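The structure appears right after this line, and notes come after that.
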Ligand SMILES: [Zn+2]
């Protein structure tokens, strides 16, 4: 479904900066929730909020939170270097630009008081200080270009490194299958420091991370993976205790252990010697693995691929088109 960008700013505006690029654009402004606090105009179409400067203008919601009204392209200029190293090849940055732009347009909902939050929950956005010349050049080179599937904005997902096969959205999030997010082979991300990884955990540490309701299994003595999905990721973990065993969903287990400790669910080996307190885990990739593999985009760009080819690989069946067509 195509989500329209709202034309009306969120609730009432209490202040606006000069020469607002967000409202001078032919496109309506995005609404990024910055949070509670005071904002003040800084001139030249910018304002200050909690020590940072932002393009566009701001409104204050009834609950006191500040919302940045910002032009789509200005927003993407700040997001791209936060989500991908600005030192990466131009085609990779152009790919990220198209993803960032499409992500916004696909998710914006005029019924909400704002479109986005400025964190990993949506996309990281630090205003003007987040911008970088290389990323701005990539945003300009792809200005107004979006990813569509059957005329609708594509649903965008990306993560750092897929480890060799991207994940299907339906397996990752137990949701309805999306044809272009079914998972593909990736042969371009082996430069990532997390393409293969090794983690040494303790049974005690794993047990301490789990919900108290699982304590009935007794002391944890082993960890198994009885079920994997088509990409090879752990769908189910079995926690073997002295009294009993329980199974938990892979994504819930990773959340409990911590996504930085268990870097992905593409676990290739679990080693536990009887009576040892340690458990060794080998795996591949960093992140959920759905959609764009950013290190894969890096590898494809170095091999000469352009952004449309990279996006066609990770989102098969989609096309890059002009927003205003
Ligand atoms: Zn990959």
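Numbering (my numbering), first residue to last: 690 to 1014. Beta carbons are placed, not taken as given, at the ideal position from N, Cα and C, and that holds for glycine. These numbers were taken from a predicted model, which means no experiment stands behind them.
In the DSSP assignment, residue 932 falls outside any alpha helix (DSSP H), carrying neither H nor E. The C-beta of residue 874 has fewer than 16 other C-beta atoms within 10 Å across all chains shown, which makes the residue exposed.
The segment 751-760 and the segment 713-732 touch, with no fewer than 3 CB-CB distances between them shorter than 8 Å. In the same chain as residue 1008, and ignoring 5 residues on each side of it, the C-beta atoms closer than 7 Å to its own belong to 837, in chain order. With a cutoff of 6 Å, residue 985 counts as near ligand 1, since its C-beta is closer than that to a heavy atom of the ligand. Excluding sequence positions up to five before and after residue 931, its CB lies within less than 8 Å of the CB of 906, 907, 908, 910, all in the same chain and listed in chain order. Between residue 824 and residue 779, the CB-CB gap reaches or exceeds 7 Å. Going by beta carbons, residue 955 and residue 921 fall inside the 7 Å limit. A residue is called buried when at least 16 other Cβ atoms come within 10 angstroms of its Cβ; residue 876 does not meet this threshold and is exposed. In its chain, beyond the 5 residues on either side, 906, 909, 910, 911, 912, 913 have a beta carbon closer than 8 Å to the beta carbon of residue 929. Runs of alpha helix (DSSP H) with 4 or more residues, each lying fully within the segment 741-777, are found at 761-772, listed in chain order. Here residue 994 has 780 as same chain residues with Cβ atoms under 7 Å from its own Cβ, once five neighbours each way along the sequence are excluded. For the 7 Å CB-CB criterion, residue 973 and residue 855 do not form a contact. By the beta-carbon neighbour count (other beta carbons within 10 angstroms, threshold 16), residue 743 is buried.
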